[in-house]
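Structure first, then comments.
Protein chains in written order, with my numbering: chain A, 308 to 965; chain B, 1224 to 1506.
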């Protein structure tokens, strides 16, 4: 067998971590990315990266608690072994990034500093100013460049992944891709392809994601046989700066460092924020969630901000939905040291200084918890079997999914500062398994027997491209216009609040738009750096994912994590009378158990040749931490918790009695 | 000070002139587009509008303008171009401000120090190659668990952090009089690899520029990174090294991240002097 190679698609945290680890293991890697890897979307992550650390350990924290917070935050919709493994790796990953030179903030004694993030009571988050993602990305990028200089890595920046090459046995043998400058289409022979292409925010038109996050690479994989999990779980970040071209993230760290969210109690109070006295301000998160305050998990914060603006009519401005995120009470030098990066962004893009005026913010689509279905092998202890080629492998053998584009780590809702961790973890963790996998292959992708296969796949993609270029003229559809309409529809039907009639209507609209997208005509028919044709292809590939998302959301008649349907909420207790209250709590818990029996399942989408998804469900491995109700802010939460704990105690006693 | 005329800044339409080029080595020409005014536009949303219209101000059909962008938050470094004569990121270039500076018209040109690929898209590979020239990385033994990195004071972290915000956007190089364009054309029959090797050789002999010099300083400031200090000094002393800097200070004036580039260059100069004296006595 000739020399073996691995192709990594995507140069963000996950792709880079995987590339550098593979190179360290002596595997030759081709790294492909739409943009130069240093410009990947990971650079936008602001707040930090989570792990248990020396400080929190002394306060009683440990890996298990980080694991517990993650699955509780995700509303138990995760297979638990991968999450457990990730949280166990976390402290080592932060140490490694520290060794790579990432300039983490320091305490006065010179230790790494930590801050608190949503969904946890410990200071678990290591950070480098307010540009942690950028700093981590650069740390990994530097290592990959070092490996490139050593000759182990070849870079293909400015290439668009058009799809995997799959042989008759269904195994991935490489990929087809297109150069964005020369428009050349060629195949890359690879014994394994690791896809780390990130999220799919562009389905919503505007989001906090970068322009490369259009989901096309994932869509091309699922159209070739991979499956898609938990598509309907889309995190809407509570705080973003609304903009015409883009919704810019305002990191959770602004609240982690003491930022307070409020609105004037008088609707559209015309006074300047500073002139509104404290008792005329409604600090709604602090009032409604005294324990977590401004640091409630993201889905809750998002819903409350949405609720205060839309239902209570308390938006700060009348023409635009927004609430105040206030940092003006914090000392300027402190702000500049810990949050300078994000405050400058606000100032640059709005022209107002957030050190003097409270920021005006509103929720925005931010992260896709779902992604390609990927496998794992669990150990007896409940972690992952290291070095096993099955870990992170999709339904197509030899095709792997890591980072934001896999569905494993965040369940119904992702905890802040866990995304950077899951990306670096999957990148590093998958590498030895990929290596073991390709070493056990009987044949290599460069063997002559696969030449015809590669030629055939290439010819098909070339024909598709040529046909699209011919679709010029004034009578066809405008791809940018269709994308705009798709975004509007998705935002309306499938963000913070979801209603079945709206989702059904959206499915109809999206189907029509998908048909219209087939009739796009290009305004640019050039054979050189044609961004028009590249965009049109990715637009077409947004439809299978958009449909999977909507179908999944329509079918799931419950509330879980980021997926909120007001018609299926479980209201709190109403009675003040102790016995009746107890009885209500019992029936609440019954209903909760019933709901979990039906809905504590991963949504799995399978796609036919036309890209049409069919939804089925998969049981979730919750063997390590039994699911429990997520009760933030619910009336009667203490009573429900008490009943729930009693029931759990009974259940735990049962096996012993047998 | 005269207050800016707010009415002038809010016309019904405004024009955008774009310097266009169909490909490397092709002739460039200006094209004018007319955009309906809306509040809060930036140059990216203007280019998005042009893509949707694909018509010039005179109503003639034309291909959408090609440009580079990704994050739109001024952190990825992709969307650098020359706007109203000044190099900057197009995502943070707000139309209201630009029209206040120069009513009625915005002018967009590609950066002039890098080969144009198409319209506003340029090839900045030379910048990434420069990072290889100065070994811009920390030479760790492996990626296994060996505990934390070197302990670091707040002061040291606060010194490294701004340098580490460099997003390789190229503004500093566009503004630098000593940084000149390197553009090669492929010779007939030349293979990809041969062309690439020739290009790399040309890049390696040319001025590193503020960006790479500052990164060399960044890694020399790290406990483990400085173990490659001598190699970096050799690169900084070699052809196109720190001595080629003419100290015009333009780089620091245009850096969107306000990185203290001239301080880095001065420090690199001093480190090189110390290194060459040491090298002289070590002979």
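Backbone N, C-alpha and C fix where the C-beta goes; we use that ideal spot for every residue, glycine too.
Check: Contact set for residue 1341 of chain B: own chain, Cβ-Cβ below 7 Å, skip 5 residues either direction; Outcome: 1244, 1245, 1246, 1289
Check: 4-residue-minimum alpha helix (DSSP H) runs that sit fully inside the stretch 614 to 659 of chain A, ordered along the chain; Outcome: 639 to 657
Check: Within chain B, the residues that residue 488 of chain A reaches when beta carbons sit closer than 7 Å; Outcome: 1340
Check: Rounded straight-line distance, which links the Cα of residue 695 of chain A to that of residue 483 of chain A; Outcome: 27 Å
Check: Through-space distance from residue 601 of chain A to residue 948 of chain A, alpha-carbon basis; Outcome: 23 Å
Check: Member of A:320, A:457, A:491 whose CA lies at the smallest distance from the CA of residue 770 of chain A; Outcome: A:491
Check: Residue range of the unbroken alpha helix (DSSP H) whose run includes residue 894 of chain A; Outcome: 885 to 906
Check: Test item: CB-CB of residue 786 of chain A and residue 827 of chain A under 7 Å; Outcome: yes
Check: Segments assigned alpha helix (DSSP H), at least 4 residues, entirely inside the stretch 318 to 389 of chain A; Outcome: 320 to 331, 361 to 364, 370 to 380
Check: 4-residue-minimum alpha helix (DSSP H) runs that sit fully inside the stretch 1314 to 1380 of chain B, ordered along the chain; Outcome: 1318 to 1324, 1348 to 1356
Check: Residues near residue 1278 of chain B in its chain [Cβ-Cβ closer than 7 Å; skip 5 each side]; Outcome: 1284, 1285
Check: CB of residue 723 of chain A within 7 Å of CB of residue 374 of chain A, strictly; Outcome: no
Check: Ordered list of alpha helix (DSSP H) runs contained in the stretch 434 to 458 of chain A, each at least 4 residues; Outcome: 439 to 456
Check: Alpha-carbon to alpha-carbon, residue 557 of chain A and residue 431 of chain A; Outcome: 20 Å
Check: Bridge partners - residue 717 of chain A, DSSP secondary structure assignment; Outcome: Looking at the DSSP assignment, residue 717 of chain A forms no beta bridge with any residue, so it has no partner.
Check: Alpha-carbon to alpha-carbon, residue 735 of chain A and residue 451 of chain A; Outcome: 13 Å
Check: Whole-angstrom distance between residue 587 of chain A and residue 861 of chain A, CA atom to CA atom; Outcome: 40 Å
Check: Under 8 Å from the C-beta of residue 1011 of chain A: neighbouring residues of chain B; Outcome: Any answer about residue 1011 of chain A is impossible in this case: the structure gives chain A only from 308 up to 965.
Check: Whole-angstrom distance between residue 690 of chain A and residue 392 of chain A, CA atom to CA atom; Outcome: 5 Å
Check: 8 Å contact criterion, which residue 1398 of chain B and residue 1292 of chain B should meet: CB distance rounded; Outcome: Between residue 1292 of chain B and residue 1398 of chain B the Cβ distance is about 21 Å, and since that is not below 8 Å, they are no contact.
Check: Exposed unless 16 or more other CB atoms sit within 10 angstroms - verdict on residue 1237 of chain B; Outcome: buried
Check: Within-7 Å CB hit, residue 631 of chain A to chain B; Outcome: no
Check: Neighbour flag for residue 838 of chain A against chain B, beta carbons, 7 Å; Outcome: yes
Check: Endpoints, the alpha helix (DSSP H) within which residue 875 of chain A is located; Outcome: From DSSP, residue 875 of chain A is part of no alpha helix (DSSP H); its letter is neither H nor E.
Check: Reduced DSSP category for residue 712 of chain A - H, G, I as helix; E, B as strand; rest coil; Outcome: helix
Check: Within chain A, partners of residue 1267 of chain B - CB distance below 7 Å; Outcome: 552
Check: Short CB-CB distance (under 7 Å) between residue 517 of chain A and chain B; Outcome: yes
Check: Residue 1466 of chain B at chain A interface by Cβ criterion, 7 Å; Outcome: no
Check: 6 Å CB neighbourhood of residue 1388 of chain B in its chain, flanking five on each side removed; Outcome: 1480
Check: Contacting positions in the stretch 1413 to 1430 of chain B - beta carbon closer than 8 Å to chain A; Outcome: none
Check: Terminal residues of the beta strand (DSSP E) in which residue 495 of chain A lies; Outcome: 492 to 496
Check: Pairwise C-alpha distance: residue 1487 of chain B and residue 1376 of chain B; Outcome: 19 Å
Check: Residue 1318 of chain B vs residue 1333 of chain B beta-carbon contact at 7 Å; Outcome: no
Check: Segment limits, alpha helix (DSSP H) that includes residue 924 of chain A; Outcome: It is not in any alpha helix (DSSP H) - residue 924 of chain A instead sits in the beta strand (DSSP E) that spans 920 to 926.
Check: Proximal residues to residue 792 of chain A (C-beta, below 8 Å), its chain only, five neighbours per side dropped; Outcome: 816, 820
Check: Assigned exposure category for residue 942 of chain A - 16 Cβ within 10 Å defines buried; Outcome: exposed
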